[in-house]
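Residue numbers (my numbering), protein chains in the order written: chain Z, 98 to 309; chain C, 98 to 309.
Where a beta carbon is used, it is the ideal one built from N, C-alpha and C, also for glycine.
It should be emphasised that the depicted structure is a prediction, and the values quoted were computed from it without experimental measurement.
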DNA sequence: ACCTGAACACCGTTCAAGT
DNA sequence: ACCTGAACACCGTTCAAGT
């Protein structure tokens, strides 16, 4: 029987195996001590094999960041699907999901938003999945806007303000800057609720009553 | 004439010269291509000389981050000093200053808040100057609270919400994630104003009128 | 005290060679 | 097509040695 096209040679999918090994290593050692040679060793191949699947170390790091953006984009869509008729709940759920992902995967989060990948020359597929994540948030805001939930400001401005607030909380927690005030999962959820609540009462149309 | 104590040997202050060279190199090459050996070469000393002043590369990076936090702390104090009787203006000015510093020094900002330094084992002087920066913001919030500017929420919660929003905007801009919407200094200022405005109308006491 | 050069283990990347 | 081992230039860090 002839071998299947993709199930060739070693694992069948060395590219994915390298990404998986790199994510584990990133969590174990941090971004500064992640070496391509060690990733290859973990995946069981020679230290030059990764170059068959990635142009260089930067490309592998970009692939990890893409995994993070994919998780974020999926979470946004799930928030919409869970309460299709309730844009307010969509917003609250998306803020919570954003912060939880950042806390769960701090290293990937910093890879996604820190300066480690540089500010340009990012691969097209990374840009694409990053735009998809922001697009989900835009959709949530637009849902609320059409329901008359927000002040008369354009959707993009509203989305940028919401994104900034939730993103800032996520980065501060995942960087350990709020260690004294946010110690466990309950504190994380509580802070996310607090930020979302203040944000809502700020951007919410004056014509509507209290959120509950 | 005998040499002055600190003006010894090469520069008089090799420690500072190394920090300065490292900051330049950081901006030129990015965090991933900053090498201790190149920093030493730029400062005109052998590649082992830095170890007289820093335990390791991590310690030098921490010193750079400390410079960034010092700038931030100073900016907060300046915002207070500029309008001692106007807590609202203090808040607006501090948000603007925060974002501007992040845009001006994106690499140092990511060093301060990204995961490159790890999440623990940070030197005491870095923690200290970092706390000073946040302390300035706390003071600004407390000033406004005593003036009846904000809702009846404890100062720490208010400060964390404000910090998150402004921090998020700063990180998104300095990471280039808003390139399509924030292209120049005017856009930066405009976005900072937008975030601060929404934030204020959210946390502002209902008993007061419009901010102007 | 402060700096140096040699040394060690490791890294990212290239390339001719193997199957 | 996919993988390998040798090679190159570079890195962080240590250490005995110089003034």
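In this structure, the alpha-carbon of residue 256/Z lies about 12 Å from that of residue 275/C. Among the residues facing chain C, residue 206/Z is included, as its CB has a counterpart in that chain under 9 Å away. What residue 246/C touches in chain Z, judged by beta-carbon distance under 8 Å, is nothing: the nearest beta carbon there is about 14 Å away. Boundaries for residue 152/Z: no alpha helix (DSSP H) harbours it, and the DSSP string shows neither H nor E there.
With three or more CB-CB distances shorter than 8 Å, the segment 196–216 of chain C counts as touching the segment 123–132 of chain C. Its chain contains 203, 207 as the residues whose beta carbon lies nearer than 8 Å to that of residue 272/Z, once the 5 sequence neighbours on both sides are disregarded; these appear in chain order. Of all C-beta pairs linking the segment 283–293 of chain C to the segment 215–231 of chain C, fewer than three are shorter than 8 Å, placing the two stretches out of contact. The C-alpha of residue 231/Z lies about 33 Å from the C-alpha of residue 246/C. Excluding the 5 residues flanking it on each side, residue 180/C has same chain C-beta neighbours closer than 6 Å at 186, 187, in chain order. Within the same chain, no Cβ atom closer than 6 Å to the Cβ of residue 295/Z is found once the five residues on either side in sequence are excluded. Excluding residues up to 5 positions away in sequence, nothing lies with its Cβ nearer than 6 Å to the Cβ of residue 171/Z in the same chain. If you check the CB distance, residue 211/Z and residue 210/C come in under 9 Å. For residue 195/C against residue 158/C, the beta-carbon gap comes to about 21 Å, at or over 8 Å, which does not count as contact. Here the alpha carbons of residue 279/C and residue 266/C stand approximately 11 Å from one another.
At a C-beta separation below 8 Å, residue 166/Z has no neighbours in chain C, since its nearest C-beta there lies roughly 11 Å away.
Secondary structure of residue 216/C (DSSP, three-state): coil.
For residue 243/C, the closest of 184/C, 130/C, 147/C by C-alpha to C-alpha distance is 184/C. Neighbours of residue 266/Z in chain C, taken as residues whose beta carbon is under 9 Å from its own, are 257, 258, 260, 261, 262, 264, 265 in chain order. Here residue 277/C carries a coil assignment [DSSP, helix/strand/coil]. Going by DSSP, residue 195/C is part of the alpha helix (DSSP H) stretching over 184–201. Within the segment 209–228 of chain Z, the residues whose Cβ lies closer than 8 Å to some Cβ of chain C are 210, 211, 212, 213, 215, 216, 217, 227, listed in chain order.
Interface criterion not met: the Cβ of residue 151/Z is under 9 Å from no Cβ in chain C. Residue 293/Z sits in a helix when the DSSP states are folded into three classes. If you ignore the 5 residues before and after residue 134/C, its C-beta comes within less than 6 Å of the C-beta of 144, all in its own chain and listed in chain order. For residue 254/C, the neighbours in chain Z by C-beta distance under 8 Å run, in chain order, 291. Within the same chain, and ignoring the five residues on either side of residue 191/Z in sequence, the residues whose Cβ sits closer than 6 Å to its Cβ are 173, 176, 237.
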